[in-house]
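Here's the structure, in structure tokens; my notes come after.
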């Protein structure tokens, strides 16, 4: 039995894979948005119920547990997310020596 090459079948398979990838991306984005929304609601509920100080302590405890997780992958992801958040909310101040160094390199 010779297997014949069918360009039409190959094109349909390729289109099917592309559609599956697109659907997976949409689902992932939708799930991420749903989780983010639920986290916002939970955060506001916790602050309302227990106050900002207690909620902050809870976040410190949770972050400490995540950073001590035995899985290096979890630790790495938490650390990366933490560093990105720090840069977003408390960006590093540019020093004049750093700026002058970059001008000297040119």
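In the numbering used here, the protein residues as written are 33 to 138.
We put the CB at the ideal spot given by N, CA and C, even for glycine.
Less than 6 angstroms separating the Cβ of residue i from some heavy atom of the ligand MN?
i          : result
residue 84 : Summarising the ligand content, the structure contains no ligands, and the ligand MN is consequently not present.
Taking all protein chains shown into account, do 16 or more other C-beta atoms lie within 10 angstroms of the C-beta of residue i, making it buried, or fewer, making it exposed?
i           : result
residue 125 : exposed
residue 138 : Reliability of the predicted coordinates at residue 138 is poor, the pLDDT of 48 falling under 50, and the value obtained from them is presented with this limitation in mind. Residue 138 comes out exposed.
residue 34  : Low local confidence applies: a pLDDT of 46 at residue 34 is under 50, so the model's placement there is unreliable, with the coordinate-based value given in what follows. Per the 10 Å Cβ criterion, exposed.
Reducing DSSP to helix, strand and coil, say where residue i ends up.
i           : result
residue 123 : coil
residue 102 : coil
residue 38  : coil
residue 83  : coil
Output yes if chain C places a C-beta closer than 7 angstroms to the C-beta of residue i; else output no.
i          : result
residue 95 : Of the chains in the structure shown, none is chain C; there is only one protein chain.
Thinking residue i and residue j are a contact (beta carbons under 8 angstroms), I'd like their distance in whole angstroms, please.
i           : j           : result
residue 86  : residue 99  : Actually they are not in contact, since the Cβ atoms of residue 86 and residue 99 sit about 21 angstroms apart, beyond 8 angstroms.
residue 107 : residue 115 : With 8 angstroms as the limit, residue 107 and residue 115 do not qualify as a contact, their Cβ atoms being about 12 angstroms apart.
Select from the options the residue whose C-alpha is nearest the C-alpha of residue i.
i          : options        : result
residue 91 : 103, 71 and 50 : 71
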